[in-house]
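Reviewing the structure listed below.
Below is the structure:
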């Protein structure tokens, strides 16, 4: 889309359709996601709560890119108080504060949104796994289970696939498996935020 047209009101349905296609194709386009949210900021009367909720849910799968924080920055305060939006914000806060068990407890509250993303759980579990690997040498198995929302055979398979080691009631994380990606501490990188918002002008 021409940069001169992307923030015209007529672009909203185009971006909405594109975001839905990203979900179906299991793809990610952060620039377009943020562009849609910015359009909603420009034309709040055209904002679709359901599409915005889906967009924010998609952003939750990219916590390390601060996608949710960047998008939320542009969501009008009035919309942040809407049911599904406020619940997604609460989920984001759980991830940012490493309250993973609480995240999974709250997740059913937005099932109507996240059920549209049939692969929703795994990217979140991968993110949490990365944090566990970077933070702990080992952790109680029940803590790992609650953090990943996995039990019994699925948990055992996850442990094996990540080359972790079970030692009694502990799970030991292997150093070689620690990712080199960004570590998020729940704060927004202001330089990164400025760069992204400038790119959307």
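Residue numbers (UniProt numbering): 1 to 201. Ideal Cβ placement from N, Cα and C applies to all residues, glycine included.
Which residues in the same chain as residue i place their Cβ atom closer than 6 Å to its Cβ, once the five residues preceding and following it in sequence are excluded?
i: residue 12; result: 39, 46
i: residue 109; result: 87
i: residue 164; result: 171, 173
i: residue 147; result: 100, 128
i: residue 179; result: Because the pLDDT of residue 179 is 45, which lies under 50, any placement of that residue in the model is unreliable, and the question is left without a value.
i: residue 123; result: 61
Grab me the residues of residue i's own chain with a C-beta within less than 8 Å of its C-beta, minus the 5 sequence neighbours each way, in chain order.
i: residue 71; result: 33, 34, 37, 55, 56, 59
i: residue 28; result: 22, 58, 61, 62
i: residue 137; result: 172, 173
Verify the contact flag: residue i, CB atom, against every heavy atom of the ligand FMN, threshold strictly below 7 Å.
i: residue 107; result: With respect to the ligand FMN, the structure shown offers nothing to examine, as it has no ligands at all.
Starting from residue i, trace the beta strand (DSSP E) both ways and give me its first and last residue.
i: residue 140; result: 138–140
Cutting at 7 Å between CB atoms, please list the residues of its own chain near residue i, excluding the five before and the five after it.
i: residue 169; result: 140, 141
i: residue 159; result: 166, 171
i: residue 98; result: 131
State the DSSP-derived secondary structure class of residue i, mapped to helix, strand or coil.
i: residue 171; result: strand
i: residue 23; result: helix
i: residue 75; result: coil
i: residue 166; result: strand
i: residue 151; result: coil
i: residue 8; result: coil
i: residue 176; result: Reliability fails at residue 176, whose pLDDT of 48 lies under 50, so the model's placement of it is uncertain and the value that follows must be treated cautiously. Here residue 176 sits in helix by DSSP.
i: residue 117; result: coil
The alpha helix (DSSP H) spanning residue i covers which residue range?
i: residue 85; result: 83–96
i: residue 100; result: 100–106
i: residue 133; result: 121–135
i: residue 38; result: 30–42
i: residue 63; result: Per DSSP, residue 63 belongs to no alpha helix (DSSP H) and is neither H nor E.
i: residue 113; result: 111–114
Classify residue i as buried or exposed, calling it buried when 16 or more other Cβ atoms lie within 10 Å of its own Cβ.
i: residue 161; result: exposed
i: residue 15; result: buried
i: residue 92; result: buried
i: residue 112; result: exposed
i: residue 114; result: buried
i: residue 66; result: buried
i: residue 10; result: exposed
i: residue 17; result: exposed
i: residue 85; result: buried
Closest Cβ-Cβ distance between residue i and chain B: below 8 Å?
i: residue 106; result: Among the chains of the structure shown, chain B does not appear; only one protein chain is present.
Next on the checklist: Taking contact to mean 3 or more Cβ pairs, one atom from each stretch, closer than 8 Å, check whether the region 98–107 and the region 77–85 are in contact.
Outcome noted: no
Checklist entry - For the 8 Å Cβ check, are there 3 or more pairs between the region 109–118 and the region 127–134? => result no
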